[in-house]
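Enquirer:
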Amino acid sequence: MSYGRVTNDKQPFKDDDDHDSDYRDDPNGNQRGNGVYNHTVKPSVPQNRLQFLCFSCKNTKLVKFVMLGSAIVVLLALILVIVSAVGHKENNAKSNGTVPIIRHFGLFAVGPDDSGNLEIGLSHVDTYMNFVKRMENNINVYSTIRQESNPDIFKQCKNPETFIQPPEENQACMQTLFSFGDKCTNFNLYGMLEGQPCVLLILRLDTDINPEPFNLSLPENVEILKRLSSRHDPSNVGVSCEGKTKADQDLMVMRTVENNQTVEKMPEGGQISYNPANGFPTYFFAQKKRGENYVSPAVMVKFNSIPANHRVTVRCTAWAKNFNDGHPENSTMYTTEFSILIKL
Numbered sequence: 011m012s013y014g015r016v017t018n019d020k021q022p023f024k025d026d027d028d029h030d031s032d033y034r035d036d037p038n039g040n041q042r043g044n045g046v047y048n049h050t051v052k053p054s055v056p057q058n059r060l061q062f063l064c065f066s067c068k069n070t071k072l073v074k075f076v077m078l079g080s081a082i083v084v085l086l087a088l089i090l091v092i093v094s095a096v097g098h099k100e101n102n103a104k105s106n107g108t109v110p111i112i113r114h115f116g117l118f119a120v121g122p123d124d125s126g127n128l129e130i131g132l133s134h135v136d137t138y139m140n141f142v143k144r145m146e147n148n149i150n151v152y153s154t155i156r157q158e159s160n161p162d163i164f165k166q167c168k169n170p171e172t173f174i175q176p177p178e179e180n181q182a183c184m185q186t187l188f189s190f191g192d193k194c195t196n197f198n199l200y201g202m203l204e205g206q207p208c209v210l211l212i213l214r215l216d217t218d219i220n221p222e223p224f225n226l227s228l229p230e231n232v233e234i235l236k237r238l239s240s241r242h243d244p245s246n247v248g249v250s251c252e253g254k255t256k257a258d259q260d261l262m263v264m265r266t267v268e269n270n271q272t273v274e275k276m277p278e279g280g281q282i283s284y285n286p287a288n289g290f291p292t293y294f295f296a297q298k299k300r301g302e303n304y305v306s307p308a309v310m311v312k313f314n315s316i317p318a319n320h321r322v323t324v325r326c327t328a329w330a331k332n333f334n335d336g337h338p339e340n341s342t343m344y345t346t347e348f349s350i351l352i353k354l
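Using this note's numbering, you'd call the opening residue of the sequence shown number 11 and step up by one each time.
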């Protein structure tokens, strides 16, 4: 509020809008001609703000162009992120070994990493310690002390009555570390001290599958007989491993030079040894009600003739007549693949 004074009390004051002002009701007493009046000052709009508004109005095309350009930049950034993520995923999937399929049932290999590679540098402790850690994390379920100290939970299921009266839901059939032999233990780093790595094969089946044995006396099963040989037992699901290709199989043949001649040599225990030798006992699958204590059967496989500095791809198969219509070797569920590379 500001105040102005006039010198002529006979003429009414002209306001800013050039209108006569009557101050008879003015609280300042202008009706008595004291010359004091109310004068309201109107704020003026800054000149630069008016110029900005005029600029914005006149340049709507420029504003639209800037907004469109920003949208294009954001879209390109999103495309780059998506392409980068897809490429990263594909690079992770690339491997000389087979990337395991994510599944709940089938034949599984413990020892190789998530990419299906078992790569060991004997002079690099971290590589085989990672391998040992993977083995330890999965083998604890077969702890002999754990199972033998809980007889109410873990039962001996070797007798035929198991198929008639399997364990209760909160119980399980026993399989301890003793069944894996003495060549694949944490004391020898699961074969790494000898350069003969061990891999644990685990067979997990759905409750509606009851494995049926092959009749290996039939001519059509002669190839299966070659793979299982004397290890075949109708009360077990047989398992075999071999080089995936002819080149892989040839690499697994040990050769020595005798009298200036190269001869094949069979390592102790054969190229590959299995414990238990007969495979996966079928009584494990007779238990249809499986609680948290259930133990899936496993076989420890030891590779005795993997040459150093050569990558060998191995394919293992679980054999049963009703697996994949009698051809489990052609399935992804009842086979598992991985590669082994031992670096000196």
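The C-beta atom is built at its ideal place from N, Cα and C for all residues, glycine as well.
Predicted, not measured: the structure shown is a model, and the values here were computed from it.
1) Run the CB neighbour count on Pro-10, radius 10 Å, all protein chains shown included, and call it buried at 16 or more, exposed below.
2) In angstroms with no decimal places, state the Cα-to-Cα distance between Glu-347 and Arg-325.
3) Taking the runs of the alpha helix (DSSP H) that are 4 residues or longer, which of them lie wholly in the segment 198-275?
4) Going by DSSP, what residues sit across from Ser-349 in a beta bridge?
5) What distance in whole Å lies between the Cβ atoms of Asn-148 and Leu-210, which are believed to be in contact at a cut-off of 8 Å?
6) Between Val-120, Lys-193, Leu-235 and Glu-146, which lies nearest to Ser-283 when the distance is taken from Cα to Cα?
7) According to DSSP, is Ala-287 helix, strand or coil?
8) Looking only at its chain, what residues have a beta carbon closer than 6 Å to the beta carbon of Ala-318, apart from the 5 residues adjacent to it on each side?
9) Taking contact to mean 3 or more Cβ pairs, one atom from each stretch, closer than 8 Å, check whether the segment 226-244 and the segment 298-306 are in contact.
10) Measuring alpha carbon to alpha carbon, tell me which residue in Thr-172, Gln-185 and Val-142 is nearest Arg-156.
11) What number of angstroms, rounded off, separates the C-alpha of Leu-203 from the C-alpha of Thr-195?
12) Buried or exposed for Phe-188, please, with buried defined as at least 16 other CB atoms from any protein chain shown within 10 angstroms of its CB.
13) If we count the other Cβ atoms within 10 Å of its Cβ and call it buried at 16 or more, is Asp-27 buried or exposed?
14) Which residue from Glu-158, Arg-113, Lys-143 and Asp-216 puts its Cα closest to that of Thr-342?
Expert: Looking at the atomic coordinates:
1) This structure cannot speak to residue 10, because the chain is shown only from 11 to 354.
2) If you number the sequence shown from 1, residue 347 lands on position 337. If you number the sequence shown from 1, residue 325 lands on position 315. Looking at the two C-alpha atoms, the distance is approximately 4 Å.
3) 232-238 and 256-261
4) Against the sequence shown, residue 349 aligns to sequence position 339. Asn-127 and Thr-323.
5) Translated into positions along the sequence shown, residue 210 becomes position 200. Translated into positions along the sequence shown, residue 148 becomes position 138. The Cβ separation is near 6 Å, so the contact holds.
6) By one-based count along the sequence shown, residue 283 stands at place 273. Nearest C-alpha to Ser-283: Lys-193.
7) The residue labelled residue 287 in the question sits at position 277 within the sequence shown. Coil.
8) Here the question's residue 318 lines up with position 308 in the sequence shown. The answer, listed in chain order, is Ile-352 and Leu-354.
9) no
10) Residue numbering aside, residue 156 sits at position 146 when the sequence shown is read from its first letter. Per the Cα distances, Gln-185.
11) Here the question's residue 203 lines up with position 193 in the sequence shown. Here the question's residue 195 lines up with position 185 in the sequence shown. Between Leu-203 and Thr-195, the C-alpha separation is close to 11 Å.
12) Within the sequence shown, the letter at position 178 stands for residue 188. By the 10 Å Cβ count, Phe-188 comes out exposed.
13) For this step, residue 27 is matched to residue 17 along the sequence shown. Caution is warranted here: a pLDDT of 48 is assigned to Asp-27, below 50, making its placement in the model unreliable, and no coordinate value can be reported.
14) In the sequence shown, the residue the question calls residue 342 occupies position 332. Per the Cα distances, Arg-113.
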